[in-house]
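Colleague: Note that the UniProt record's numbering has the sequence shown beginning at 1, numbered continuously upward.
Before I ask anything, let me first share the structure, which is written out below as structure tokens.
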Amino acid sequence: MNHYETVFILNPVLSETQIEETVKKFEDFLIKNGAKMVSKENWGLKKLAYPIQHKKSGFYHLFEFQAPGEAIGPYELEFRRDERVMRFLTVKLDKHAIAWAEKRRTKLKANA
1 MNHYETVFIL NPVLSETQIE ETVKKFEDFL IKNGAKMVSK ENWGLKKLAY
51 PIQHKKSGFY HLFEFQAPGE AIGPYELEFR RDERVMRFLT VKLDKHAIAW
101 AEKRRTKLKA NA
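As structure tokens, this is what we get:
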């Protein structure tokens, strides 16, 4: 099982329930394919550096998870098929990135 992180941007015109449904859909897809969720973060509505699909903002979400490598292809295919997703990026974390993510999570918990 490899350690991955996905950041995705959802369309800003979605309602709160549509956003929750979309996030739940991708989380359920990962779990169904043998992934273990490490953390989820909702970064909220943020201004984009440049327009994407004629939109100037989007709802950012971050998933950190452990999954078998063969689960990533179908996972990213789901992102491509969903018109609510404007952009996504999945990266495999090395040991240094895992340590950094752990440190960031503990800092976020301390601030909350």
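The beta carbon of each residue, even a glycine, is placed where N, CA and C say it ideally should be.
Alpha carbon to alpha carbon, what distance is there between Met1 and Phe8?
Modeller: 22 Å
Colleague: On the criterion of 16 or more Cβ atoms from any shown chain inside 10 Å, does Leu45 qualify as buried, or is it exposed?
Modeller: Exposed is the call here.
Colleague: Taking the continuous beta strand (DSSP E) assigned at Glu41, which residues delimit it?
Modeller: Lys36 to Ile52
Colleague: Tell me the DSSP bridge mates of Ala67?
Modeller: Paired residue(s): Asn2.
Colleague: With C-beta atoms as the reference, is Phe88 less than 8 Å away from Thr6?
Modeller: Cβ atoms of Phe88 and Thr6: closer than 8 Å.
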